[in-house]
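Protein chains in written order, with my numbering: chain V, 1 to 159; chain G, 1001 to 1135.
Note that the Cβ used here is the ideal one computed from N, Cα and C, for glycine as well.
For clarity, every value in this text was computed on a predicted model and none was experimentally measured.
Okay, so here's the structure we're looking at.
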């Protein structure tokens, strides 16, 4: 899902630039993700960036302000085991804590939606923690609602 | 209340709201007074008076509103009906599952989201027969 770099300007003051991540962003995105989530996933991101080199479906966007990385969004166009048409998947979106409520996440989401639309898919899906009201509320503000699928799980007895 | 929030610069008489939604005016006034006590709605007397939304539409959720009127719901403790009856316990677990989903949904829908959703094309696409058969 390659697309042109697009710049967003908020209130004519703080420039928000959303760009596709490249290899030079790897160290910064690992550090940013660790600060946001509270745990390091260096191997996850390294593996993801290796996939990015050849993938036509993965998309990692980063939001920057004055050259500093403020947030990221990870998505992909893919089918899945139930025989539903391919759709855009939002896997993760994260913003540096002190920059929240400054439209960085909105800029990332807007760009990701734009790229999903251009790829021709008819829907965007994600799976989030049922108790994460803040994220759910943010996604609903873009018009996302409950879809036709529900996640079920079985806790396995490992004794 | 969402009607009030969608018309942010207006004081709307209870009579007009009652007529618009075809509900009892006296019942509506009781609801509006409860919302006023919760500082979500404000009121003004006299000509041009009525009720107005005064909360933060981007922060007030449906849960905030419903919980003003539905005390004790949902059961956040996850009551498992300690009756010793396993069937009652399992039924209680299912009902708690429903409550948890309902609560999460209501907590995530803000007044502003409701207003915005009415202004964009409906995203609802009924599940296709083909897809339902595939599942």
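Q) For a contact meaning CB atoms closer than 9 Å, what does residue 136 of chain V contact in chain G? A) 1104, 1105, 1107, 1108, 1109
Q. Short check: CB of residue 30 of chain V to CB of residue 65 of chain V, under 8 Å?
A. no
Q) Exposed or buried, residue 71 of chain V, counting other C-beta atoms within 10 Å across all chains shown (16 or more means buried)? A) buried
Q.
Tell me which residues share the same chain as residue 1106 of chain G and place their Cβ nearer than 7 Å to its Cβ, disregarding the 5 neighbours each side in the sequence.
A. 1061, 1062, 1063, 1066
Q. Quick one: Cα of residue 105 of chain V to Cα of residue 1120 of chain G, how far?
A. 20 Å
Q.
Determine, for residue 77 of chain V, whether the minimum Cβ-Cβ distance to residues of chain G falls below 8 Å.
A. no
Q. Is it true that the CB of residue 1098 of chain G sits closer than 8 Å to the CB of residue 1002 of chain G?
A. no
**Q.** Spatial distance of residue 135 of chain V from residue 21 of chain V (CA atoms)
**A.** 22 Å
Q: Run the CB neighbour count on residue 77 of chain V, radius 10 Å, all protein chains shown included, and call it buried at 16 or more, exposed below.
A: buried
Q. What are the boundary residues of the alpha helix (DSSP H) that includes residue 95 of chain V?
A. No alpha helix (DSSP H) contains residue 95 of chain V, which is instead part of the beta strand (DSSP E) from 87–95.
Q: Please check if any C-beta of chain G sits within less than 8 Å of the C-beta of residue 130 of chain V.
A: yes
**Q.** 7 Å Cβ cut-off: residues of chain G touching residue 140 of chain V
**A.** 1108, 1109, 1113
Q) Considering residue 73 of chain V, what are the terminal residues of the beta strand (DSSP E) in which it resides? A) 68–78
Q | Nearest-angstrom Cα separation, counted from residue 100 of chain V out to residue 1018 of chain G | A | 40 Å
Q) Which class does residue 1016 of chain G belong to by DSSP, given the choice of helix, strand or coil? A) helix
(Q) For residue 1023 of chain G, would you say it is in contact with chain V, using Cβ-to-Cβ distances shorter than 8 Å as the test? (A) no
Q) Any chance the region 1023–1040 of chain G sits against the region 128–146 of chain V, with 3 or more Cβ pairs inside 8 Å? A) no
Q.
Here's the rule: buried if 16 or more other CB atoms are within 10 angstroms of the residue's CB, otherwise exposed. What is residue 1048 of chain G?
A. exposed
Q | Distance between residue 132 of chain V and residue 1050 of chain G (C-alpha atoms, nearest Å) | A | 36 Å
Q | Boundaries (first-last residue) of the alpha helix (DSSP H) holding residue 1051 of chain G | A | Where residue 1051 of chain G is concerned, there is no enclosing alpha helix (DSSP H), although the beta strand (DSSP E) it sits in stretches over 1050–1053.
Q) Counting contacts by CB-CB distance shorter than 8 Å, is residue 106 of chain V in contact with chain G? A) no
Q: Please list the residues of the region 1060–1073 of chain G that have a C-beta atom closer than 9 Å to any C-beta atom in chain V, keeping them in chain order.
A: 1061, 1063
Q: Taking only the alpha-carbon atoms, compute the straight-line gap between residue 118 of chain V and residue 53 of chain V and give it to the nearest angstrom.
A: 20 Å
Q | Backbone secondary structure at residue 60 of chain V - three-state DSSP | A | strand
Q.
Would you say residue 1100 of chain G lies against chain V (beta-carbon separation less than 8 Å)?
A. yes
Q: Determine which residues of the region 113–124 of chain V have a Cβ less than 7 Å from any Cβ of chain G, and write them out in chain order.
A: none
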